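Mapped onto numbering that gives the first Met the number 0, the consecutive letters of the sequence shown carry residue numbers 0 to 400. Don't be surprised by glycine CBs; every beta carbon is placed ideally from N, CA and C. On a predicted model such as this, the values are computed, not experimentally measured, just so you know.
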Amino acid sequence: MRIGRTLPPAAAPIYLKDVISGLKGLVRGQRELTRFETEIKDYFCVKHCFLVSSGKAALTCILLALKDLHPDRDEVLIPAFTCYSVPSAIVRAGLKVRLCDIDSGTLDFDHEQLPELLSRSVLAVMPTHLFGLPADVQRTRVACKDPEITIIEDAAQAMGGECKGGKCGTLGDVAFFSLGRGKAISTFEGGIILTSRDDIAESLRIMVDDLPACDFPALATLVLKALLLALFLHPSIFWLPKAIPSLKLGQTTYDPQFEMRRMSTFQAGLATDWIKRLAQLIKARLIRIGYWVHFVKNGRLRHYCSARVTTPNLIRFPVAVNGNGLRSAILAGSEAMGFGMMPAYPGSIAAIEDLKASFSTCSFAKAKELAEQLVTLPVHPFVKEEDVLRTSRFLERAFRR
Ligand SMILES: *Cc1c(COP(=O)(O)O)cnc(C)c1O
């Protein structure tokens with residue numbers, strides 16, 4: 000166990016003043032949620048916005064709403080390499096997970112494979128801005144010739160990001176952001192749904208209104224957790240929560256049995272000034288992304304920042320490390336020295352124990368390979384130039400060996 004400066008792999012800091020804004024939000028009540036909703040609609044120029052307890056709750060609501068609109072369709076097509084919360088939400092909504100392999104160059108869908116997977120049972124396709132790296136939503140839309148297929152943009156990690164077609168979260172028929180720990184901006188947990196489609200919004204309204212409000216125990220837990228995050232996220236003390244296994248920091252699990260609620264007024268209050276804070280976070284991350292791009296250019300790491308991305312609002316900087324021994328050594332070294340490097344997800348979605356049986360006939364070779372190679376470097380505002388230099392020297396030594 001390391002005691003001493005330890006970088007979190009990803010962080011959108013919550014400060015004590017934000018927790019105080021959260022408490023003020025509690026006092027202001029419903030007005031606070033309305034304010035947050037209105038700000039989002041204005042900023043993203045969308046007609047409808049819904050606020051819920053998490054990204055996976057947001058996705059579940061979207062899927063339930065679509066299921067009502069298209070009762071004859073029951074498959075949701077997602078990239079074979081993504082967050083385990085995504086299949087959790089699909090199963091929670093009573094739908095079937097369908098996978099498309101990824102393109103190892105862009106982390107987007109493998110667009111060679113996509114068209115043949117678009118059967119009459121497909122309810123929705125989910126282009127995903129993994130780590131904030133914009134997926135080509137337009138290309139997916141063109142591939143979906145059937146207008147009955149809904150494009151759900153998984154912008155969980157991409158709030159504030161932009162790509163050629165506009166702002167991430169406004170490119171599909173409906174989109175969601177996550178406000179979880181380690182996302183672009185955080186209210187400890189939370190989910191935002193955006194759409195300009197009236198039919199989807201109408202169906203969504205029913206689903207979201209049906210959710211329970213945040214009750215007192217859940218609220219008290221949230222306040223406490225937000226406070227702990229404000230206190231313990233700093234690198235000088237982050238080693239402590241990291242050493243407590245029951246907190247399961249950084250673990251991604253498949254579990255359809257999650258809580259679904261409307262967003263609390265405390266969380267809406269926590270998001271006070273989010274436009275300014277998000278802009279500052281993006282600026283801080285871009286500087287660090289610049290360092291890493293410069294470093295990997297001279298090294299033996301593959302990275303994914305291409306020219307297609309105008310503002311790569313990455314929340315972690317993904318790189319591929321070839322060779323299992325080398326990758327394990329790098330991750331172990333990072334653990335020992337607190338560099339905040341992390342594998343992305345433990346495997347492809349097809350490798351999830353509870354889902355395995357449905358994918359036995361296909362291999363998702365590129366997703367599997369990526370899961371074995373990917374490592375992310377931290378880009379959050381706590382990363383100092385000195386951290387980058389130490390990490391770079393460490394990586395160079397690891398490669399020379
Ligand atoms: C985090 C995440 C989600 C789920 O969001 P939660 O707020 O954690 O429920 C969905 N998709 C992707 C790509 C994510 O990174």
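- Looking at the DSSP output, Leu-373 shares a beta bridge with Ala-319.
- With a cut-off of 8 Å on Cβ pairs, the segment 44-61 is not in contact with the segment 22-30, counting fewer than three such pairs.
- In the same chain as Ile-148, and ignoring 5 residues on each side of it, the C-beta atoms closer than 7 Å to its own belong to Leu-117, Val-121, Ala-123, Val-124, in chain order.
- Excluding the 5 residues flanking it on each side, Val-141 has no same chain C-beta neighbour closer than 6 Å.
- Beta-bridge partners assigned by DSSP to Leu-76: Arg-97, Val-124.
- Taking a cut-off of 8 Å for Cβ pairs, the segment 154-162 and the segment 286-295 do not touch, as fewer than three such pairs fall below it.
- Taking one beta carbon from each stretch, the segment 275-284 and the segment 166-184 have 3 or more pairs nearer than 8 Å; the two touch.
- Counting every other CB atom within 10 Å of its CB across the protein chains shown gives Thr-360 a total below 16, marking it as exposed.
- The criterion of a C-beta distance shorter than 8 Å is satisfied by Gly-171 and Ile-150.
- Ser-185 has its CB no nearer than 7 Å to any heavy atom of ligand 1.
- Residue Pro-78 holds the alpha-carbon nearest to the alpha-carbon of Asp-102 among Pro-78, Ala-88, Arg-119, Val-90.
- With respect to Thr-375, Arg-315 sits close: the two C-beta atoms are nearer than 8 Å.
- Secondary structure at Thr-252: coil, using DSSP grouped into helix, strand and coil.
- Val-26 sits in a helix when the DSSP states are folded into three classes.
- Short note on Gln-156: C-beta closer than 7 Å to some heavy atom of ligand 1.
- Taking 8 Å as the cut-off, the Cβ atoms of Pro-342 and Leu-373 count as close.
- If one requires a minimum length of 4 residues, the alpha helix (DSSP H) runs lying completely within the segment 43-74 are 54-68, in chain order.
- In terms of Cβ geometry, Leu-221 and Phe-265 form a close pair [threshold 8 Å].
- The Cβ-Cβ distance between Ala-397 and Ile-329 falls below 8 Å.
- At a cut-off of 4 residues, the continuous stretches assigned as alpha helix (DSSP H) that sit fully inside the segment 258-299 are 264-269, 273-296.
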